[in-house]
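Let me begin by presenting the structure, written as structure tokens, before commenting on it.
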Amino acid sequence: ASIVVHATFNRLTLVNNSALSGGAIFCWSAILNLYHSTLAQNEASNIEWSGGGLASHYVSRPNIISSLFYNNIPNSIHNGYPQTPVLVAYSLVQEQWAGSGNLTNVDPLFCDPDSGDYSLAENSPCVGTGEDGANMGAFDIGCDAIILNISDELVPITYTLHQNYPNPFNPVTTLRYDLPENAMINITIYDMLGRQVKTLMDQKQDAGYRSVIWDATNDYGKPVSAGVYLYQIQAGKH
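The following block contains the structure:
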């Protein structure tokens, strides 16, 4: 249920769609302007072309502002033509994406997504963090603050960094780590010469079992060369 577009959308909602590439939106030689939109729970089944929320191919120029990508499989956005970047700003995405004001890998606190209500809770991190202080996504505040209770058995005891999977990989791999307490998290990819390739995350996260996806691109959205890469996770003072 994907769409091929050459248009401007404002307050667009696309949820529970699936396709081989671009579960919600597939761009091919298209200009797309996406403002204040919500793309959630969409899936792309072709792992090489991916883009659960959006896939951009062949001279497409997506421009995404104040929008919300959440729980899309296997990732939010796939850029299959790095010569023309996907521009993302003041938006929530699942993976680190170069651009101003973006939030990464946080729960937007929808009011009741199981019932189709994608408005924001009063304490959503997307409230007031869009461009010019607006809210991210297609909907404004629709319910009181949501308090998330994490039971003790679901909180790890120690900081743990797990082996990425798959490894070797092409084109995406998942990095898993355990946080026994709330902490500021920085995840950085380096090449074998010690040069920084990509910052996957640089923000505060709550305690729990966490993961982040790397799609083998650098901070500019361009694919990296085949080879061996290292990743470092800093959690608070650890």
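Position one of the sequence shown corresponds to residue 1381 (our numbering), numbered consecutively onward.
A virtual CB, placed ideally from N, CA and C, is assigned to each residue, including glycine.
Between residue 1488 and residue 1504, the beta carbon gap of about 6 Å places them in contact (Cβ cut-off 8 Å). Beyond the five residues adjoining it in sequence on each side, residue 1413 comes within less than 6 Å, by CB distance, of 1388, 1443 in the same chain, given in chain order. The residues 1475, 1485, 1555, 1567, 1580, 1581, in chain order, have a CB closer than 7 Å to that of residue 1592 in the same chain once the five nearest residues on each side in sequence are set aside.
Separation of residue 1418 and residue 1599 (C-alpha to C-alpha, rounded to the nearest whole angstrom) is 24 Å. Take the alpha-carbon of residue 1584 and the one of residue 1482: they are about 13 Å apart. The three-state secondary structure of residue 1546, taken from DSSP, is coil. Within its own chain, the residues whose Cβ lies closer than 8 Å to the Cβ of residue 1552, once the five positions on either side in sequence are excluded, are 1427, 1430, 1454, 1455, 1593, 1594, 1595, 1596, listed in chain order. Taking the Cα positions, residue 1525 is about 30 Å away from residue 1538. Collapsing the DSSP output to three states places residue 1511 in a helix.
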